[in-house]
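Numbering (this note's numbering), first residue to last: 44 to 102.
Take a look at the structure:
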């Protein structure tokens, strides 16, 4: 099984998302063995490390 993850970093649903969708559809057409997933960070809140140490406590 070949897995392809497409990540859109654009804040809008426009050309970048459209081209990503086309690329993922093309990857699916290569073989039945290809599994694709799309992920968009649009609308998500994230930031850099704030040294809270949670990652070390939780593993």
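Where is the CB? At the ideal position from N, CA and C, for every residue including glycine.
Could you round the C-beta distance between residue 71 and residue 79 to whole angstroms and report it? I think they count as a contact, below 8 Å. Right, the Cβ-Cβ distance comes to about 5 Å (below 8 Å), so this counts as a contact.
Would you kindly report the start and end of the unbroken beta strand (DSSP E) that includes residue 46? Here the beta strand (DSSP E) through residue 46 covers 45-51.
Taking a contact to mean a Cβ-Cβ separation below 8 Å, would you say residue 66 touches residue 52 in this structure? When the beta-carbon positions are compared, residue 66 and residue 52 stay at least 8 Å from each other.
In three-state terms, what does DSSP make of residue 76? Coil.
To the nearest whole angstrom, what separates the beta carbons of residue 85 and residue 56, a pair I think is in contact under 8 Å? Going by Cβ atoms, the distance from residue 85 to residue 56 rounds to 7 Å, so yes, they are a contact pair.
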